[in-house]
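Let me begin by presenting the structure, written as structure tokens, before commenting on it.
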Amino acid sequence: MHTTNLLTAVAALAALGWLCAPQASDAANAPPAALPGAPTQPTQPTQPPPVARGHLTLVVEGDRDQLTIRRAVAKEDPWAGVPKGLTSAWTLTIRAQDGSTLAEIPLDLVHFDTAADRKGAAVRVEGCVVRDSRIAMLVNVPRFAEAATYQFSRRDGVEDVPVGFTTGARVNELAGGGR
Numbered sequence: 009m010h011t012t013n014l015l016t017a018v019a020a021l022a023a024l025g026w027l028c029a030p031q032a033s034d035a036a037n038a039p040p041a042a043l044p045g046a047p048t049q050p051t052q053p054t055q056p057p058p059v060a061r062g063h064l065t066l067v068v069e070g071d072r073d074q075l076t077i078r079r080a081v082a083k084e085d086p087w088a089g090v091p092k093g094l095t096s097a098w099t100l101t102i103r104a105q106d107g108s109t110l111a112e113i114p115l116d117l118v119h120f121d122t123a124a125d126r127k128g129a130a131v132r133v134e135g136c137v138v139r140d141s142r143i144a145m146l147v148n149v150p151r152f153a154e155a156a157t158y159q160f161s162r163r164d165g166v167e168d169v170p171v172g173f174t175t176g177a178r179v180n181e182l183a184g185g186g187r
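The C-terminal residue of the sequence shown carries number 187 in my numbering, and the numbering is unbroken.
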């Protein structure tokens with residue numbers, strides 16, 4: 009009787025060990041184990057994300073097909089961020105020299121007449137609301153020393169249409185840092 013219990017326990021442990029052991033396919037997909045004393049692969053240090061140093065207030069002018077930064081004012085206080093809940097088909101994307109995105113800011117153009125058939129049209133007054141196809145607005149953005157480009161775009165269906173481009177050097181100059 010004791011032998012039967014002992015054999016049952018051994019069989020249960022063997023089955024448990026078989027279930028918990030790595031399968032051959034797992035071993036084939038696992039990275040090779042390092043041998044003791046073998047040199048290890050050097051890891052690439054990850055760059056921390058760029059930190060905004062204050063913010064810029066940009067004076068943006070144009071129309072639905074061309075937006076331009078006319079002036080820039082550097083501010084020391086931190087950027088307040090995108091207003092909660094703001095989504096837009098219009099964006100300003102700030103990129104570094106390597107093309108990586110530093111920030112993508114939605115633009116609130118609901119107060120402007122951006123319909124294609126209204127480009128260049130006269131101002132429309134609807135009660136207390138004045139709608140103009142000419143755009144003139146202030147845009148607050150984070151200020152990055154690494155900023156190389158400022159790209160305006162609007163989404164038409166599934167396509168992003170570029171509607172303006174300014175270099176980081178030009179924005180720096182407009183903000184008084186490039187003279």
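No residue lacks a Cβ here, since even glycine has one placed at the ideal position from N, Cα and C.
- Rounded to the nearest whole angstrom, the C-alpha separation of Asn148 and Trp98 is 14 Å.
- When the five nearest sequence neighbours on each side are left out, the beta carbons in the same chain lying within less than 6 Å of the beta carbon of Arg72 are those of Thr122, Lys127, in order along the chain.
- Straight-line measurement puts the Cα of Val118 at about 15 Å from the Cα of Cys136.
- Scanning its chain for C-beta atoms nearer than 7 Å, with the 5 sequence neighbours on each side dropped, one finds no residue around Asp164.
- The alpha carbon of Ser141 has as its nearest neighbour, out of Leu66, Val179, Gln74, the alpha carbon of Gln74.
- With fewer than 16 other CB atoms across the displayed protein chains lying within 10 angstroms of its CB, Arg61 is exposed.
- DSSP places Glu181 inside the alpha helix (DSSP H), whose first and last residues are 176–182.
- Closest in C-alpha terms to Leu66, from the list Ala144, Pro58, Asp125, comes Ala144.
- Annotation: the continuous beta strand (DSSP E) that includes Thr65 extends over 63–71.
- In this structure, Gly176 sits near Tyr158, with a CB-CB distance shorter than 8 Å.
- Between Thr174 and Ile77, the beta carbon gap of about 5 Å places them in contact (Cβ cut-off 8 Å).
- Listed in chain order, the non-local C-beta contacts of Gln105 below 6 Å within the same chain comprise Ala156, local neighbours out to five positions each way being set aside.
- Cβ neighbours of Val138 within its own chain (closer than 7 Å, five residues either side excluded): Val131.
- Distance from the Cα of Arg103 is smallest, within the candidate group Ala153, Val169, Glu134, for Ala153.
- Here DSSP, grouped into helix, strand and coil, assigns Ala88 to coil.
- Taking a 10 Å sphere around the C-beta of Pro86, we find fewer than 16 other C-beta atoms and assign the residue as exposed.
- Taking 8 Å as the cut-off, the Cβ atoms of Asp116 and Ser96 count as close.
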